[in-house]
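Residue numbers 229 to 710, in our numbering, belong to the letters of the sequence shown in order. Just so it is clear, CB atoms sit at the ideal spot from N, CA and C, and this is done for glycine as well. As the structure is a computational prediction, the values presented were derived from the model and not from experiment.
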Amino acid sequence: MYDVAIIGAGIIGSFISRELSKYDLKTVLIEKDNDVSNGTTKANSAIIHAGYDAFYKTNKGKFNALGNPMFDKVCKELDVAFKRIGSYVLAYSEKEIETLKRLLENGEKLGIPDIKIIDGDEIRKREPKLSDEIVAGLYAKTAGIVGPFELCIALCENAVENGTKLLLNYEVSNIEKNENRFIISSNEKSIEAKYVINCAGVYADKINNMVNKPKFKITPRRGEYYLLDKRTNGLVNSIIFNCPTKMGKGVLVTPTVHGNILIGPNSEDISSKEENKTTFSGLEFVKESASKSVKNIPFNEVITTFSGLRAEATGGDFIIEKSDTKGFINVAGIKSPGLSASPAIAKYIVKIIKDLNEGLKENKDFNPIRKKIVKFSELKDEEKKELIKKDKRYGRIICRCENITEGEIVDVINRLVGARTVDGVKRRARPGMGRCQGGFCSPRVVEILARELGKRVEDIVKSNKESYIITKETKGNIDYNK
């Protein structure tokens with residue numbers, strides 16, 4: 229029997245699993261899909277918000293303010309890219325300046341450092357591509373950018389290295405409370421745990437209702453994005469927001485940690501918890517909104533579009549609490565600024581577990597440092613030569629857009645919480661993230677996955693369990709390992 233079962237291996241569940249691995253607990257992280265970071269975490273704005281937006285009396289406001297300063301340390305420990313580049317909320321009228329003043333006042337009540345309102349001319353000196361119509365903006369120095377799926381994967385790796393069990397392809401079908409334990413079932417399998425932490429994203433209401441009376445409803449809220457080629461790097465150097473509305477923080481334009489430009493999202497409530505398609509109308513709205521803030525956006529440089537689902541809970545705030553059933557904890561409705569708040573939420577959940585489990589001991593063998601991933605293109609020439617001498621696979625470029633080597637791909641397949649799908653490799657090592665979006669390198673990635681995992685190429689999937697790429701041979705016997 230496990231001490232703690234965490235349901236959902238997105239950014240929240242992964243942060244909690246790593247935080248709990250600092251203690252002498254038998255913990256299991258459960259995920260319904262074939263990889264971690266497969267839901268909201270893989271498709272969002274990748275922003276670490278400064279924390280001025282969410283009302284200071286809410287969980288959103290409190291945990292965002294606490295979480296933002298934690299990212300420098302954790303990203304350094306886990307070898308994950310993180311940059312503090314600052315953000316601007318733009319105003320185009322006196323009415324919107326009043327909104328900036330309210331945001332500033334709210335941020336000050338939360339103790340957010342380095343926020344101030346500056347005039348439009350000063351903003352354009354810093355960001356020359358911004359609209360001439362801007363009259364003022366709220367500047368927040370501590371806002372930053374991160375790779376959310378890379379961070380999630382790193383958290384899971386570190387948690388597993390420190391003793392956490394990861395169960396993939398385990399879709400929870402039922403939870404039963406039996407005296408002082410929970411029986412968590414998936415088809416004909418089951419596991420037992422003393423405590424359950426519900427981090428199931430858009431399915432958190434469904435998981436809650438297996439044990440408790442219905443208390444909240446999760447509405448999926450879809451957001452659509454454009455991703456621009458790295459040739460547009462420098463279009464903006466900070467995170468650019470328009471004034472927020474009741475539906476969210478609005479469409480942003482931001483650099484990514486890898487040098488692309490990300491634009492989006494819109495905000496649309498939908499009924500399906502799986503419908504993450506893009507729409508013409510949604511992308512047109514994003515384009516029009518972004519063009520209000522940034523002049524001459526080169527949309528001819530778009531390399532992909534995508535969408536993600538946010539978990540909008542009844543009441544609008546984060547639900548972070550012990551439920552009516554003792555030992556069952558809900559961490560639900562974690563939409564923006566959920567990524568920014570995630571490390572603080574994890575520490576709060578540990579406090580709850582400590583309250584429920586008196587005498588909790590620290591894991592004396594806990595190692596916060598994750599083994600670094602070699603990024604071949606970032607090495608000096610001499611370092612590259614030495615690495616190729618040791619392993620010739622680092623001398624074979626598989627992805628020409630991102631300059632990713634075979635050695636890097638093999639590494640992310642064979643690591644703890646290793647890649648098992650083409651998209652899993654993509655999110656860990658970045659082949660397929662560039663201009664051609666995998667048109668050149670995907671077949672080679674399939675071959676390498678099959679070889680390293682001892683599978684047929686026909687068994688390799690793109691992302692979900694049924695997304696097969698190759699169905700059968702057409703030209704006789706081909707040795708894919710050559």
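Return the bridge partner residues of residue i from the DSSP annotation.
i	result
arginine 449	Asp497, Arg538
serine 413	Asn402, Ser418
isoleucine 625	Thr633
valine 317	Leu366, Phe469
valine 522	Leu358
threonine 533	Tyr454
isoleucine 343	Ala368
tyrosine 423	Val232
arginine 312	Gly372
tyrosine 576	DSSP, once it has assigned bridges, lists no residue as partnering tyrosine 576.
Verify whether the separation of the beta carbon atoms of residue i and residue j is less than 8 Å.
i	j	result
phenylalanine 299	isoleucine 313	no
tyrosine 320	isoleucine 343	no
glycine 267	phenylalanine 410	no
arginine 348	isoleucine 325	The sequence shown places glycine at residue 348, not arginine. Contact: no.
isoleucine 468	serine 521	yes
serine 414	tyrosine 398	yes
glycine 544	asparagine 504	no
threonine 460	isoleucine 489	yes
phenylalanine 604	glycine 646	no
asparagine 287	isoleucine 548	yes
isoleucine 425	isoleucine 419	no
cysteine 303	leucine 379	yes
glycine 561	glutamate 540	yes
isoleucine 240	valine 638	no
arginine 538	aspartate 307	no
valine 689	glutamate 675	no
proline 571	phenylalanine 243	yes
tyrosine 576	alanine 421	no
alanine 293	valine 264	no
isoleucine 351	leucine 328	no
asparagine 465	glycine 478	no
aspartate 593	asparagine 440	no
isoleucine 381	leucine 463	no
isoleucine 641	valine 650	no
asparagine 272	leucine 456	no
glutamate 259	leucine 396	yes
cysteine 629	arginine 663	yes
alanine 274	threonine 506	no
glycine 339	alanine 569	no
isoleucine 234	leucine 253	no
leucine 644	glutamate 385	yes
lysine 255	valine 232	Note that residue 255 corresponds to threonine in the displayed sequence, not to lysine. Yes, Cβ-Cβ distance for threonine 255 and valine 232 is below 8 Å.
lysine 445	threonine 542	yes
In three-state DSSP terms, what is residue i?
i	result
isoleucine 467	strand
proline 483	strand
cysteine 664	coil
leucine 490	strand
glycine 348	helix
phenylalanine 546	coil
phenylalanine 444	coil
phenylalanine 594	coil
threonine 460	helix
alanine 432	helix
valine 602	coil
lysine 329	helix
isoleucine 373	strand
valine 689	strand
leucine 394	strand
query: Would you call the segment 229-249 and the segment 573-583 touching, i.e. three or more CB-CB distances under 8 Å?
result: yes
Pairing CB atoms from the segment 619-630 with CB atoms from the segment 370-380, are three or more of them under 8 Å? no
**Request:** Mind the definition here: the segment 444-462 touches the segment 490-503 only if three or more C-beta pairs lie below 8 Å; say whether that holds.
**Result:** yes
Cβ contact check for the segment 665-675 and the segment 377-395: 3 or more pairs under 8 Å: no
Run through the segment 229-310 for me and flag every whole beta strand (DSSP E) of 3 or more residues, listed as ranges in chain order. 230-235, 255-258
Query raised in the report: Is it true that the segment 279-288 meets the segment 330-344, where meeting means three or more beta-carbon pairs spaced less than 8 Å apart?
Result: yes
request  = Tell me, please, whether the segment 607-624 touches the segment 649-663 by the rule of three or more beta-carbon pairs shorter than 8 Å.
outcome  = no
Which whole runs of the beta strand (DSSP E) in the segment 546-571 are 3 residues long or more, in chain order?
547-550, 556-560
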